[in-house]
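Remarks on the structure that follows.
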Amino acid sequence: MTLSVAECRLYEPQKLAEIALESDDNLTKTLGEYVLKTSGIEMQVGEVKCAIQEIQETMNEKLKDILWCLEGESSDDVEELFEEIQEKLDETLNYLAALEESY
14 MTLSVAECRL YEPQKLAEIA LESDDNLTKT LGEYVLKTSG IEMQVGEVKC AIQEIQETMN
74 EKLKDILWCL EGESSDDVEE LFEEIQEKLD ETLNYLAALE ESY
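Residues in the sequence shown are numbered consecutively from 14, following our numbering.
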């Protein structure tokens, strides 16, 4: 299947890559594979950015709680909040490791 430049603009990169993979031309197939790979990476980069943003929001929230606890001098509460932060970091690191393994 051959597409004009105008027709190519109608498709998402992933669909163009799928069309390219059906081509008899090796260069076109290679380009299709590249587009599929890079579009997948872009999606995962977006997921990582969301995970990092979630970490930042959680950390800010927990740090505010820690400051509040320090004013009340409740060390048990502070320790519990630090444990929650560590759990969130561990969870996110495991998620990032799973993403890395997929490549």
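The C-beta atom is built at its ideal place from N, Cα and C for all residues, glycine as well. Remember, it's a predicted structure, so these values are computed and weren't measured experimentally.
- Comparing alpha-carbon positions, the option among E31, T71, E46 and E60 lying closest to A111 turns out to be E60.
- Taking a C-beta distance under 9 angstroms as the contact criterion, L94 and D78 qualify as a contact pair.
- Taken atom to atom, the span from the alpha-carbon of C82 to that of D90 is near 7 angstroms.
- Between N73 and E46, the alpha-carbon positions lie close to 41 angstroms from each other.
- Exclusion of the five residues before and after T71 leaves K101 as the residues of its chain whose Cβ lies within less than 6 angstroms of its Cβ.
- Across the structure, Q66 and G85 are spaced so that their CA atoms are roughly 29 angstroms apart.
- Close CB contacts of K75 within its chain, under the 7 angstroms cut and outside five residues either way in sequence, are with L94, E97 and I98 (chain order).
- Residues T105, Y108 and L109 of the same chain have their beta carbon placed closer than 8 angstroms to that of A64, with the five preceding and five following residues left out of the count.
- As the crow flies, the alpha-carbon of D37 is around 32 angstroms from that of E114.
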